[in-house]
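Throughout, the numbering used here is defined as the position within the sequence shown, counted from one, plus 1213. Read the structure below first, then the notes.
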Amino acid sequence: MQIGDKINFGKYEWRVLDIQNNAALILTENIIETRPYHNRYVNITWADCALRKYLNGEFYDTFSEVDRAKIMPVTNKNLNNQWYGTKGGEDTLDYIFLLSIEEAVCKYFGDSSKKLYNRGITEKYWLQRKDEKNHKRTATFNGHGNSYWLRSPGRVKVKAVYVMGSGNIGIQGNNVLKGNISEPDYFGGVRPALWLSI
């Protein structure tokens, strides 16, 4: 197994993002469903949101007992939003999780850290439309390009950061309950990640 490989695990196809100490960090190749980040429009962080509870409960339970034994718990650091300073909340122990802003921008799809930590004068809501790494972050849902949630907080705690269909990062965030409120039937894509024992 190598970084960049595609593998099958459970019902899904995954991409290998990292390998450390006999474990591989894998991310679903595609968006597997759409769900709200949380079930109420309230201030929330990853530690307490409904999407985390779902991924580590009902979704985790869809794996076989053999597969669950291969999913390794990990302590995730939940950093503050790098542009707005919104508190990221407590560190969390997760079996299944979403990537953070920093992981999506600086680690696993190439390094755009200079753009994350040095916001351009005209950049207010998105990382950078012309970031050359954007195409590496794109994903599809039912065959079409779609946005998906990250676990990081947005400009305020009723918003969570997301990756746009273009692969750009919506750092201001989308509404945790409604997703993109201009599209009332859209809740935000889910692209789970986990550490797999190898």
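Quick reminder that beta carbons are idealized off the backbone N, C-alpha and C, glycines included.
Problem set entry | Terminal residues of the alpha helix (DSSP H) in which R1332 lies | Note, R1332: premise wrong, no alpha helix (DSSP H); not H, not E.
Problem set entry | Sufficient close CB pairs (3 or more, under 8 Å) joining the segment 1379-1386 to the segment 1252-1272 | They do not touch, by the three-pair rule.
Exercise. Hey, is S1379 close to the ligand MN, as in C-beta under 7 Å from one of its heavy atoms?
Worked result: The model on display carries no ligand, and the ligand MN is accordingly not part of it.
For this session: Return the Cβ separation of I1284 and P1405 in integer angstroms, given the expectation that the two are a contact with Cβ distance under 8 Å.
Result: Not quite, the Cβ-Cβ distance comes to about 10 Å (not below 8 Å), so this is no contact.
Exercise. Taking the alpha-carbon positions, what's the K1328 to E1316 distance?
Worked result: Their backbone Cα atoms lie some 14 Å apart in a straight line.
Exercise. What does a CB cutoff of less than 6 Å around I1220 pick up in its chain, not counting 5 residues either side in sequence?
Worked result: Closer than 6 Å at the Cβ level, and outside the excluded window around I1220, lie W1227.
Problem set entry | D1231 beta carbon less than 8 Å from that of I1245 | Taking 8 Å as the cut-off, the Cβ atoms of I1245 and D1231 do not count as close.
Problem set entry | Residue closest to L1340, alpha-carbon to alpha-carbon, out of N1359, Y1297, A1352, H1357 | Ranking the options by Cα distance to L1340, first place goes to Y1297.
Exercise. Do three or more CB pairs link the segment 1267-1286 to the segment 1368-1380 at distances below 8 Å?
Worked result: Short answer: they don't touch.
Exercise. Taking C-beta to C-beta, are S1326 and L1292 nearer than 8 Å?
Worked result: Contact: no.
Problem set entry | Secondary structure of K1372, DSSP reduced to three states | In the three-state DSSP reduction, K1372 falls in the strand class (E or B).
Problem set entry | Simplified DSSP state of K1391, which is helix, strand or coil | Note: K1391 maps to coil in three-state DSSP.
For this session: Tell me, to the nearest whole angstrom, how far the beta carbon of M1214 is from that of A1237; I am working on the premise that it is less than 8 Å.
Result: Between A1237 and M1214 the Cβ distance is about 6 Å, and since that is below 8 Å, they are a contact.
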